[in-house]
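S.K.: Here the sequence shown stands for residues 954 to 1537, numbered as in my numbering. For every residue, glycine included, the Cβ atom is placed at its ideal position computed from N, Cα and C. If you're wondering where the values come from, they're calculated on a predicted model, not measured in any experiment. This is the structure, below, for whatever I ask next.
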Amino acid sequence: MKKIYFKSFLVLFLTSAFILSNAQDVDLENLGKRTKEELKKNPFKISGGISANSVFYNSNVYSGREPFTYFLNGNLNLGLYKWTMPISYSFTNQGSNLGYQVPFKFNRLSITPKYKCVKAYIGDANMTFSPYTFNGLMFTGAGLELTPKTPLKVALMTGRLNKAVEDDGNPNTIPAYKRMGYGANLKWEKDKYKLGLIGFYAKDDLHSLKTAPDAKGVLPQENLVLSFSGAFKLKKNLEAFGEYANTALINDLRATPNGAVKKGIASKFLSPNSSMESYSAYNAGVNLTLKKGMVGVRYERIDPGYRTLGAYYFNNDLENITLNSSFTMLKDKLSLSTNIGRQRDNLDSKKAKQTSRWVGAINSNLKASDKLMITASYSNFTMFTSKQLNQFNTINNNPLLIQQPKDSIDYKQISQNTNININYIISSTKEKVQNINVNYSLNDMVNRENGIVRKGGLSRFHNANFNYNLGFPEKKLNIATSFNFTHTYAASQTSTIWGPGVTVTKSFLKEEKLKTSFGASYNHSGSSTANINVMNLRLGANYMPWKKHSFNLNFIQMFRNTDQAIANPNLNEMTCTVGYNYSF
């Protein structure tokens, strides 16, 4: 299998290179003249930046966090004529002090050279093909993207997805087999249609670990996923699109081939065993573009258990039908967007209950004047659950005590969210700038069983925030004040959180080389069981002694006390960050 995939990868690489070489428009007659003009220009360019930050932490209660942590980050952009080669790195001691092992890296180095339509990924990189196949997973290896002027676009990747980690007995250690991955994304794009083909393959190395970590549920796996996609312009303003993906996953490479069943397209290319599973996912939709907006409908279905080894997580066992629209009106001063849909799970009818929900949302943005801006949004999530009961349990229990039908329980959860934001500019002159911002949000959730709201089945959250900003541009002084209030009713209990805050920023020296800030905030949290007071003090400074150099300092001190009967009612916590940045 390795030889087959290596040959396929090599064929794709050579084919794309051939297409690329024929895609460039070469004017042989003026080639020498243009070459001389290019050579006269400054051939070499360099830019980038480096940063170093140290974090000091101290607490009289918490001891799990390291007292000293450093972060070294940088990027270097090298250019030679039409070549560019960005280099970025990130180093820290954060992972070395964990006391246990993980299958990923904390320190990373990436090189991404580019020449015209050719872009390469070397080192620690991440690429995305599609949500169902290979989606943003970090790998150590190499990747290639070819985007010539021809209809064919190519993206390739190969590298290590997980490093081998032995089970050392520490309960926090995450053991893993060494896992390699290979992927290809081919696109054929024309004005009226687009076609796509994706293949991703990953396999664990059985011999990368001395002891199999079966006790922690870690098994050697193999996966192949194939995806086919397309988009078509039916008319000038009407487009249809869709994607189908099939994944074949072998959960344990050591399983016997007895009872293996090849199901789905991807499984045809693997050597199956009894642990192999096959799942599918697909979506399709239509978008209609109008003069002042658009309307679209989309259908998506993901089989229960669908996953690949090319992503961190997957949502599966769901079916979505959504209708969305967006419009502008009142001479483009008002914009509206809506979304409504239906979702359900238990697609294979193997769960004891099925959940379905309606989802609706509307967002608006109104520019009432040059000084007044209003945004508002509302969303409604209504979830339904029908659970089948065991008839024998119903008979054995007293039927008079059962308040629901004998064959099922109808459960409904309604969640409503409302948000309103108002921003008003009082004045905007060289001497004074004043701004007011008011925000209010409401979250209301109700649980009903057979139409009855039981005790604890209602939750309601109110949050209001008021901000006033006063600036004096000529004095390089800015004062921002705020007040926050939150009222919560949940589980038949009421609690409130309120508190003010202030932040003052001031610039000094010529060209604002020194910028300072001071902030303070107070929050009181009260309920029937406890009262908590939290005080935060913040200091910040940024100094640029030279044009490309800057030093920064941030200091945060927190004091917390409570009347609750706990081991440490008083908390003092300090975090100090010192950093240096250089850009060139």
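Met-1282: buried (16+ other C-beta within 10 angstroms of its C-beta) or exposed?
M.R.: Taking the sequence shown and counting its residues from 1, the one referred to as residue 1282 is at position 329. Classification for Met-1282: exposed.
S.K.: Could you tell me the boundaries of the beta strand (DSSP E) in which Lys-1320 lies?
M.R.: Position 367 of the sequence shown, counted from the first residue, corresponds to residue 1320. Lys-1320 -> beta strand (DSSP E) spans 1306 to 1320.
S.K.: Buried or exposed for Ser-1182, please, with buried defined as at least 16 other CB atoms from any protein chain shown within 10 angstroms of its CB.
M.R.: Numbered from 1 along the sequence shown, position 229 holds the residue referred to as residue 1182. Per the 10 Å Cβ criterion, buried.
S.K.: For the segment 1078 to 1088 against the segment 1177 to 1194, do three or more pairs of beta-carbon atoms, one drawn from each stretch, fall closer than 8 Å, so that the two count as touching?
M.R.: yes
S.K.: Is Pro-1066 helix, strand or coil when you go by DSSP?
M.R.: Within the sequence shown, residue 1066 is the residue found at index 113, counting from 1. In this structure, Pro-1066 counts as coil in the three-state DSSP scheme.
S.K.: Using 10 angstroms around the beta-carbon of Pro-1426, count the other beta-carbons present and answer buried if the total reaches 16, otherwise exposed.
M.R.: Sequence index remark: in the sequence shown, residue 1426 carries index 473 (1-based). The residue is exposed, with fewer than 16 neighbouring Cβ atoms inside 10 Å.
S.K.: Within 10 angstroms of the Cβ of Ala-1444, are there 16 or more other Cβ atoms? Answer buried if so, exposed if not.
M.R.: By one-based count along the sequence shown, residue 1444 stands at place 491. Under this definition Ala-1444 is an exposed residue.
S.K.: Which full runs of the beta strand (DSSP E) of 3+ residues lie inside the segment 1219 to 1276, going along the chain?
M.R.: 1229 to 1243, 1246 to 1255
S.K.: 9 Å is my cut-off, CB to CB: does Leu-1287 come that close to chain D?
M.R.: This model lacks chain D altogether, as it is built from one protein chain only.
S.K.: With DSSP as the reference, identify every bridge partner of Ile-1485, one or two as the case may be.
M.R.: Start at 1 with the first residue of the sequence shown, and residue 1485 comes out as number 532. Ser-1478, Thr-1515, per the DSSP bridge assignment.
S.K.: Identify the residues that DSSP records as bridge partners of Glu-1196: which are they?
M.R.: Along the sequence shown, read from residue 1 onward, the residue named residue 1196 stands at position 243. In DSSP, Glu-1196 forms a bridge with Ser-1182, Asn-1236.
S.K.: In the DSSP assignment, what residue or residues form a beta bridge with Ala-1137?
M.R.: Indexing the sequence shown from 1 puts residue 1137 at position 184. Ala-1137 pairs with Leu-1109, Gly-1152.
S.K.: Measuring CA to CA, which of Thr-1209, Tyr-1010, Ala-1234 is closest to Tyr-1197?
M.R.: Along the sequence shown, read from residue 1 onward, the residue named residue 1197 stands at position 244. The shortest Cα separation from Tyr-1197 among Thr-1209, Tyr-1010, Ala-1234 belongs to Ala-1234.
S.K.: Assuming contact is defined by CB atoms lying nearer than 9 Å, are Asn-1273 and Tyr-1259 in contact in what I supplied?
M.R.: Along the sequence shown, one-based indexing puts residue 1273 at 320. Along the sequence shown, one-based indexing puts residue 1259 at 306. No, the Cβ-Cβ distance between Asn-1273 and Tyr-1259 is not below 9 Å.
S.K.: Spatial neighbours of Lys-1131 within its chain, please: CB distance less than 6 Å, with the 5 preceding and 5 following residues excluded, ordered by chain position.
M.R.: If you number the sequence shown from 1, residue 1131 lands on position 178. For Lys-1131, where only same-chain residues beyond five positions count, the Cβ hits under 6 Å are Ala-1117, Asp-1158, Ser-1161.
S.K.: Have a look at Ser-1478, Thr-1528, Ser-1332 and flag the residue whose alpha-carbon is nearest the alpha-carbon of Leu-1490.
M.R.: Taking the sequence shown and counting its residues from 1, one reaches residue 1490 at position 537. Here the closest residue by C-alpha is Thr-1528.
S.K.: For Pro-1426, name the three-state secondary structure that DSSP assigns.
M.R.: Your numbering for residue 1426 matches position 473 in the sequence shown. DSSP places Pro-1426 in helix when its eight states are reduced to three.
S.K.: Hey, how far is the Cα of Arg-1295 from the Cα of Ser-1332?
M.R.: The sequence position of residue 1295 within the sequence shown is 342, counting from 1. The sequence position of residue 1332 within the sequence shown is 379, counting from 1. Roughly 14 Å separates the two Cα atoms.
S.K.: Our contact map puts Asn-1079 next to Leu-1090 with C-beta atoms below 8 Å; I'd like the distance itself, whole angstroms only.
M.R.: As a working note, residue 1079 is residue 126 in the sequence shown. As a working note, residue 1090 is residue 137 in the sequence shown. The Cβ separation is near 6 Å, so the contact holds.
S.K.: Taking the beta strand (DSSP E) that Phe-1057 falls in, what are its first and last residues?
M.R.: Here the question's residue 1057 lines up with position 104 in the sequence shown. No beta strand (DSSP E) contains Phe-1057, which DSSP labels as neither H nor E.
S.K.: Closer than 6 Å by C-beta to Tyr-1421: which residues in its own chain qualify, once you throw out the five before and the five after it? Chain order, please.
M.R.: Along the sequence shown, one-based indexing puts residue 1421 at 468. Result list for Tyr-1421: Ile-1389, Thr-1434, in chain order.
S.K.: How many whole angstroms separate the CB atoms of Asn-1226 and Thr-1200, which I take to be in contact at a CB cut-off of 8 Å?
M.R.: Residue 1226 sits at position 273 when you count from the first residue of the sequence shown. Residue 1200 sits at position 247 when you count from the first residue of the sequence shown. 16 Å between Cβ atoms; not a contact.
S.K.: In this structure, does DSSP put Leu-1159 in helix, strand or coil?
M.R.: Here residue 1159 refers to the residue found at position 206 of the sequence shown. Note: Leu-1159 maps to helix in three-state DSSP.
S.K.: Are the CB atoms of Leu-1109 and Gly-1096 nearer to each other than 9 Å?
M.R.: Against the sequence shown, residue 1109 aligns to sequence position 156. Against the sequence shown, residue 1096 aligns to sequence position 143. Their beta carbons are under 9 Å apart, which means Leu-1109 touches Gly-1096 by this criterion.
S.K.: Between Asn-1370 and the rest of its own chain, which residues show a CB-CB distance below 6 Å, the 5 nearest in sequence each way excluded?
M.R.: For this step, residue 1370 is matched to residue 417 along the sequence shown. Excluding residues within five positions, the ones whose Cβ falls inside 6 Å are Ser-1332, Asn-1396.
S.K.: Spatial neighbours of Asn-1046 within its chain, please: C-beta separation below 7 Å, excluding the five flanking residues on both sides.
M.R.: Residue mapping note: residue 1046 aligns to position 93 of the sequence shown, counting from 1. Around Asn-1046: Thr-1022, Tyr-1023.
S.K.: To the nearest angstrom, how far is it from the Cα of Val-1531 to the Cα of Met-1497?
M.R.: On the sequence shown, position 578 is the one that residue 1531 refers to. On the sequence shown, position 544 is the one that residue 1497 refers to. Approximately 14 Å, taken between the alpha carbons.
S.K.: Can you say whether Ser-1481 is buried or exposed, counting buried as having 16 or more other CB atoms within 10 angstroms of its CB?
M.R.: Here residue 1481 refers to the residue found at position 528 of the sequence shown. With fewer than 16 other Cβ atoms within 10 Å, it is exposed.
S.K.: Roughly how many whole angstroms lie between the Cα atoms of Leu-943 and Thr-1449?
M.R.: In the structure as shown, the chain begins at 954 and stops at 1537. Residue 943 is therefore absent and cannot be evaluated.
S.K.: What do you reckon, are the CB atoms on Phe-997 and Leu-1025 nearer than 9 Å?
M.R.: The residue labelled residue 997 in the question sits at position 44 within the sequence shown. The residue labelled residue 1025 in the question sits at position 72 within the sequence shown. No.
S.K.: Quick one: what's Gln-1387 bridged to in DSSP?
M.R.: Residue numbering aside, residue 1387 sits at position 434 when the sequence shown is read from its first letter. Answer is Ser-1380, Leu-1423.
S.K.: Output needed for Ala-1483: all residues of its chain with C-beta closer than 7 Å, excluding positions within five of it in sequence on either side, in chain order.
M.R.: Taking the sequence shown and counting its residues from 1, the one referred to as residue 1483 is at position 530. Excluding five sequence positions before and after Ala-1483, the CB atoms of its chain that fall closer than 7 Å to its own CB belong to Thr-1515, Asp-1516, Gln-1517, given in chain order.
S.K.: Determine the closest residue to Ser-1317 out of Lys-1466, Ser-1380, Leu-1300, Asn-1372, with distance taken between C-alpha atoms.
M.R.: The sequence position of residue 1317 within the sequence shown is 364, counting from 1. Ser-1317 has its Cα closest to that of Asn-1372, out of Lys-1466, Ser-1380, Leu-1300, Asn-1372.
S.K.: Go through its chain and collect everything with a Cβ distance to Ile-1519's Cβ below 7 Å, but skip five positions before and after it.
M.R.: In the sequence shown, the residue the question calls residue 1519 occupies position 566. Apart from sequence neighbours up to five positions away, no residue of its chain approaches Ile-1519 with a beta-carbon distance below 7 Å.
S.K.: So, are the CB atoms of Asn-1176 and Thr-1261 less than 9 Å apart?
M.R.: For the purposes of this step, residue 1176 is taken as residue 223 along the sequence shown, with counting starting at 1. For the purposes of this step, residue 1261 is taken as residue 308 along the sequence shown, with counting starting at 1. The answer is yes: Cβ separation under 9 Å.
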